[in-house]
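Here's the structure we're looking at; comments come further down.
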Amino acid sequence: AQSSPKRLPEASVDEESDEEIKDIKSGIRSQLLSWAKDPGMPMDEQKRCVRQLLAQWHPDKNRHIGPTATRIFQFIQEEVERIVAQLGAAADAAARRQADAAERKAQRSAEKSAKASALEAARQE
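Residue numbers (the working numbering): 323 to 447.
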């Protein structure tokens, strides 16, 4: 049984479309990460840019590309959630490292103080 010639062009169109979507997602991911990691960009500005990006890809505003707009719109939402969670975890880890360092410093200080007290007591005996 021979496959119909129509399937090959459809498959290549789907592959091309998937490749285009991958490129779009990659560009969006890069943009979202650059906004998230820009220390000079205020949080309200980051949120405004994300809202604009979501509006740009909203399925109701892009009916001509239908499912593609929906996929990209959902991707943006998921990617924002992932980045926020990732940055939150990084901030938590940094806070834990800072607290651990402060605890170690306090411990060393207490040990030095105890040694100094012991030496002073030994000198007085």
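Ideal Cβ positions, reconstructed from N, Cα and C, are used throughout, including at glycine.
Extent of the continuous alpha helix (DSSP H) run through residue i
i	result
Pro389	388 to 446
Arg373	365 to 379
Contact under 8 Å by Cβ, residue i with residue j
i	j	result
Leu376	Phe395	yes
Ile387	Ala358	no
Lys344	Phe397	no
Buried/exposed call for residue i, threshold 16 Cβ in 10 Å
i	result
Leu354	buried
Cα-Cα separation between residue i and residue j, rounded to whole angstroms
i	j	result
Arg351	Gln374	15 Å
Thr392	Gln429	55 Å
Glu400	Lys427	40 Å
Ala444	Asp414	45 Å
Asp382	Glu403	22 Å
Leu441	Ala424	26 Å
Lys434	Gln446	18 Å
Original post:
When the Cβ atoms of the region 366 to 378 are set against those of the region 411 to 420, are three or more pairs found closer than 8 Å?
Top reply: no
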